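Report on the following structure.
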Amino acid sequence: MRNPLIKRVPRELRSDWHKYLVIIVFMVLMIGVISGMYVGHDSMLAAINNGREELNLEDGSFELKSKATKELLEGITSGEKADVRTYYINKGTEEADKEVAEAIEDELNEQVTKAIEDNVRAICEAYGITDEETIKTQIDTAMEDSFEDALKEARKSEEFKTAVEDAYKEAHEKVVEAVDEEWDEAVKKYDLDDPDFKAQPITIYENFFHEEAEDNNNDGKKDATVRIFSKDAEIDMASFNEGRAPEKDNEIAIDRMHADNVKVKIGDTITIGGKKYEVVGLLSYVNYLTLHESNTDLMFDAFGFDVAMVTSEAFDKLTSRIHYSYGFKYANKPNGKVETADYSSNTLKALITQTLVNDNEIEDYLPEYLRQASNFAPSDIEGDSTGTAILCYILIGVIAFIFAITISNTIDKEASVIGTLRASGYSKGEMIVHYMSMPIIVTILGAVIGNVLGYTAFKDLAVSLYYNSYSLPTCHAVWSNTAIVKTTVIPLVLMFFINLFVIVKKLQLSPLRFLRHDLGRKKRAKAMRLPKWSFLRRFRLRIFFQNIPNYLVLAVGVILIELMMCFAFGLPDSLNHYAKNAPDMMFAQYQYMLMDSKDDDGEVIKTTEDTAEKFCATELMYPKEKSTFRDGMGSGGDEGVTVYGIEEGSSYITIGDKKGNYISTAFSKKFNLSAGDTITLNAEYENKSYDFTVDGIVDYEGGIALFMDDDSYRQIFDIKEDEFTGYFSRNEIKDIDDKYIATVITTEDILKVTNQLMHSMGSLVDVFKYALIVLAAALIYLLAKIIIEKNEHSISMVKILGFKNGEIGALYIIPTAFVVLIFSIISFVIGYYLMVWIFHIFMLKMDGYFAFYMKPESMALSVIYLLIGYALVSIVDFIRIRRIPMDVALKNME
Amino acid sequence: MNDEFLEIKDLKKSFGSGEARQDVLRGMNFSVKKGEFCVLLGPSGSGKSTLLNIIGGIDTPDEGFVSINGDKLEEMNEKQLTLYRRKHLGYVFQMYNLIPNLNVKENIEVGAYLSDLPLDVEEVISTLGLQDHKYKYPSQLSGGQQQRVSIGRAVVKNPDILMCDEPTGALDYKTSKEILALIEDCNRKFGSTVIMVTHNEAIKYMADHVIKLRDGVVRHNDINEKKISAFELEW
């Protein structure tokens, strides 16, 4: 026989549907939104990763000045370094030989001519001929008659042969000398003599492009630069978010994100390079997930830059300069970051040497792992779940709390039934299972509906947030382990154990105590004597004292509400605050990162800008705890630390003239580091580690950085005296050629980053904010409902005694309102500090750091919203009090 | 059949300590035969409910023991006591303590579920005269009807002992008699030993065995040779 108690569950759900609806809606919203965020997140990453395979993402690319010959392609494909020295010597020797041969010929002609002339003059002198005219005529005749023979004769002479041999030898020696000198420099520069070099065979694909002016509103003005690829490219292909690939010469498919930004739709006509095209598709190129025009751009530009696809015929008709770009893939896949970097450096060596020996030039080389356009979005998406995770844990706590009080309340209410059942022989285990079934069923119900929504509507919401920021491919919902663990398994487990704990604790009492309604831990103390106030006042005070345990529960609930409010208001505040203060956090208005410290002529790059100050910098990784469910950058991966070598007496960073290692305040706060601590930083793409003892902290909130004096830096990283990374400057530096500047970080760039953060999280934050306000209202409703329910019997009794509803309302609502008012402020303080702590914990999982911040008005609003919410709930409470029938006090009570 | 089915020996129980100490049971001795209808009679505070709770295994004595069919309750752990209640006892309280969101039939099934050899639920409903109400919820029933359901829940287990704690305490005269008749009927029909706690002197006339308690001791332990039916009772 099935336990008939199970039939109570659906009936209880029906009879108390208000309460359970609130709880289920609460859970569905929480699980739905969070599951949607994770599913969206994982689906997007899966779509990106699938795209990498399906759309044949390169392992790297290079651009040559002219189209590569078959020999050059074969050479690069082999991965082997070409023998550049021999090539140069051969080439030099060939030229030298030509020059020497010419020189010899000239010299011989001169000498033979001179010999013939001397001979004629001597004969004329012997015959006494002095007339110069006659002599010249004789010379000309002799030249005509014997020049060739004399030349032949001279060539045959031993003297000539020795001279020629010496000339060639000398010339060849000079060639070798010159080549060796140049070669040594090249070897040093490109590390061509690396003993660890291992040829990495690659497959090369043509991926030529044109760059044209895009006029997307056909007004004759350039709106953007568009990089156009041919439809038949076999590497770095595109997926279509909408429409199709071009089929006719006048058709074009452009980047979806760019099209969104410039309001171009399918069917629109745009002008490219003076020719009109119809937009037939909106696409996402696998190597342009963000529209970075140049890899050194700090931020992408989806307005001013576009990528597009045309048919191969249309491509051939484009008139602008063709960029001979080639994508390549390794024959053997590298394993891990260090090996990827090794492969790339070996390939670069092969490329440099092979290009040289094939008389071509490299215009650009970029391994995929350093490609911003394909890596920026995934690494950003990976780190995006922080807010979701914080919310998730807060809400699980809230739900567990709601269930704990609901169950505890139900057990109190059903004490005599429990006592009877226990006395009749129901075991404690059976009762526990019975009372556990409701929260578990409700959680499963919430989880199922929540997950269904998470995989559908909320996933689309999350994905649309990503689409707002990046040129991403179309994605399909994928099964997300993270979502199921975080939104279903963890809440279920938590719900299970919290309820088990509460229920087991509650059901510890003997059947007799249940029968006697003797559920308190302690015997009630003697009634407290109250001053001679009015009866109603004393009565109210008695109700207050009687309900203290209920008010404690209410107080915990209010703390949770305030925690939610702090999250709802504090997250956007923190982002805005960071965005607002980021420019002030920069210690230099301009930070120029140079490609190299020397120009093409080998001269140190200098500037006349007075405020410019040289610095050295490198990026190392600080190891942090790995995330359990996901790994990779930005979600538990290592934290990037910029290590600066600062000139003595720097006007930008004050570490004084002291030697030592100084960390930024952000670094110190994030990882709780202080002077005396030792940190180990690792090189990201090499197997190198450095230990540093922290000597002090520099006030810099803008980044995770380590500062040290220039000398120490050079010593540690083996940097020469004339080498450096770039310049700090207060003004723009105008006298350094752009081609030597890798990146300039200005206050605007920092703002771009924070604006982007606001843009991609902005709508998410609003969703969270309103969802939390609704949930907070639901929670206060439940808490107030429970207090009235617990007092139902007393309320019914005072009604029988003849109290009016208004009086009863004043008796029961005013003490609660008083408690809510007091605790709203105390709870705000507790909630605020809890949030600061939670935010810090989760910041650890993100790259970079900013502290939790709330505006004073947001603080006030957090309390005001709660009070408004409670005021509304009080009205509902009053209605509830009016509806309590008088027979509650008479029926079913001992 | 063991004559002394239930044996109470030197049972003592007190509440509180020091000056507030109150001896509720002060060495109580008696025995009940199987199938007997036994009434524990006494004024308020005489210890009759405490005694019933100890017999029911939901309270423990300070001294002495209760033995059922030779098994001493004091030697049982909590699990064994639960099993003892589950297999051998049926409880009827003054307050009916029905489960509000289960109907009449289901409330009776709650008892049937506990037994290995339950009586037929429909038959019990019929015996209790609740056929017309079996799909009603407790709130739709009168006090007497609710107490019938509570009796049904207890007897459907086919218990060896039916424990009744003031089962008519909250009922009017007529309904009380109906309820007593039902308990009598169950005693006769299903053979359960009935131990009923009451302060209503009149009920003693329908019992086989009357134990009068006062100040925690047995004052009278009488076998009623001339018992009458519940409907013949007057008070």
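Residue numbers (my numbering), protein chains in the order written: chain P, -12 to 881; chain B, 150 to 384.
C-beta: ideal position from N, C-alpha, C; glycine also.
Nothing here was measured: the structure is a model prediction, and the numbers come from that model.
Check: If we count the other Cβ atoms within 10 Å of its Cβ and call it buried at 16 or more, is M608 (chain P) buried or exposed?; Outcome: buried
Check: Could you compute how far the alpha carbon of L769 (chain P) sits from the alpha carbon of K6 (chain P)?; Outcome: 7 Å
Check: Can you list, in chain order, the residues of its chain whose CB lies under 6 Å from that of G883 (chain P), leaving out five sequence neighbours each side?; Outcome: Given that chain P is displayed from residue -12 to residue 881, the structure contains no residue 883 (chain P) and the question cannot be resolved.
Check: When you compare each of P:V273, P:E201, P:V404 and P:T393 to S307 (chain P) by their alpha carbons, which one comes out closest?; Outcome: P:E201
Check: Do you know whose CA, among B:G365, B:K306 and B:L200, lies nearest K256 (chain B)'s CA?; Outcome: It is Asn, not Lys, that sits at residue 256 (chain B) in the sequence shown. Nearest of B:G365, B:K306 and B:L200 to N256 (chain B), Cα basis: B:K306.
Check: Return the CA-CA distance between G619 (chain P) and G323 (chain P), expressed in angstroms with no decimal places.; Outcome: No answer about G619 (chain P) holds up, because its pLDDT of 34 lies below 50 and its placement is not dependable.
Check: Are the stretch 181 to 188 of chain B and the stretch 861 to 870 of chain P touching by the rule of at least three beta carbon pairs closer than 8 Å?; Outcome: no
Check: May I ask you to report which of helix, strand or coil DSSP gives R867 (chain P)?; Outcome: helix
Check: Could you pull out every residue in the same chain whose Cβ sits closer than 7 Å to the Cβ of I428 (chain P), ignoring the five residues on either side in sequence?; Outcome: V(-4)
Check: Check the C-beta distance from K312 (chain B) over to G260 (chain B) and give it rounded, since I have them as a contact under 8 Å.; Outcome: As written in the sequence, residue 312 (chain B) is Met, which differs from the Lys given in the question. So it is not a contact: roughly 13 Å between Cβ atoms.
Check: Between the C-alpha atoms of E258 (chain B) and I546 (chain P), what's the straight-line distance to the nearest angstrom?; Outcome: 44 Å
Check: How about the stretch 63 to 71 of chain P and the stretch 100 to 111 of chain P: do they share at least three Cβ pairs that are nearer than 8 Å?; Outcome: no
Check: State the DSSP-derived secondary structure class of K221 (chain B), mapped to helix, strand or coil.; Outcome: strand
Check: So what's P354 (chain P) in DSSP terms, helix, strand or just coil?; Outcome: strand
Check: Would you list the residues sitting across from F227 (chain P) in a DSSP beta bridge?; Outcome: P:L270
Check: When burial is assigned at 16 or more other CB atoms within 10 Å of the CB, is M14 (chain P) buried or exposed?; Outcome: buried
Check: Do the CB positions of D211 (chain B) and S275 (chain B) come within less than 8 Å of each other?; Outcome: no
Check: Taking the alpha carbon of T733 (chain P) as the reference point, which residue from P:T128, P:M286, P:G207 and P:E112 has its own alpha carbon closest?; Outcome: P:M286
Check: Buried or exposed for M515 (chain P), going by 16 or more other Cβ atoms inside 10 Å?; Outcome: exposed
Check: Give the interface partners of M873 (chain P) over in chain B, defined as CB-CB distance under 8 Å, in chain order.; Outcome: Within chain B, no residue comes near M873 (chain P); the closest Cβ sits about 15 Å away, beyond 8 Å.
Check: State the start and end residues of the unbroken alpha helix (DSSP H) segment that holds V(-4) (chain P).; Outcome: R(-5) to S2
Check: Would V540 (chain P) be called buried (16 or more neighbouring beta carbons within 10 Å of its own) or exposed?; Outcome: buried
Check: Could you check where the alpha helix (DSSP H) with M(-12) (chain P) kicks off and where it finishes?; Outcome: M(-12) (chain P) -> no alpha helix (DSSP H), and no H or E assigned at all.
Check: Out of curiosity, what's the CA-to-CA distance linking E606 (chain P) and I642 (chain P)?; Outcome: 20 Å
Check: Answer with buried or exposed for F654 (chain P), where buried requires no fewer than 16 other C-beta atoms within 10 angstroms of its C-beta.; Outcome: buried
Check: Using the beta-carbon of each residue, which ones in chain P are nearer than 8 Å to R235 (chain B)?; Outcome: S411, G412, Y413 and S414
Check: Could you tell me whether the stretch 165 to 183 of chain P touches the stretch 127 to 145 of chain P, where touching means 3 or more Cβ pairs closer than 8 Å?; Outcome: no
Check: Kindly list the residues whose CB is nearer than 6 Å to the CB of M572 (chain P), restricted to its own chain and excluding five residues on each side of it in sequence; keep chain order.; Outcome: E688 and G689
Check: Out of B:G365, B:D364 and B:V359, which one is the CA nearest neighbour of L189 (chain B)?; Outcome: B:V359
Check: Comparing alpha-carbon positions, which option in P:F574, P:Y275, P:G818 and P:I392 lies nearest I773 (chain P)?; Outcome: P:I392
Check: In angstroms, rounded to a whole number, what distance separates the CA positions of I215 (chain P) and V294 (chain P)?; Outcome: 6 Å
Check: Decide if A402 (chain P) is buried, meaning its Cβ has at least 16 other Cβ atoms within 10 Å, or exposed.; Outcome: buried
Check: Looking at C-beta atoms only, is the number of pairs between the stretch 107 to 124 of chain P and the stretch 186 to 198 of chain P that lie closer than 8 Å three or more?; Outcome: no
Check: Exposed or buried, what is D724 (chain P) when buried is set at 16 or more other beta-carbons lying within 10 Å of its beta-carbon?; Outcome: exposed
Check: For N226 (chain B), would you say it is in contact with chain P, using Cβ-to-Cβ distances shorter than 8 Å as the test?; Outcome: no
Check: May I have the straight-line CA-CA distance separating Y272 (chain P) from L8 (chain P), to the nearest angstrom?; Outcome: 46 Å
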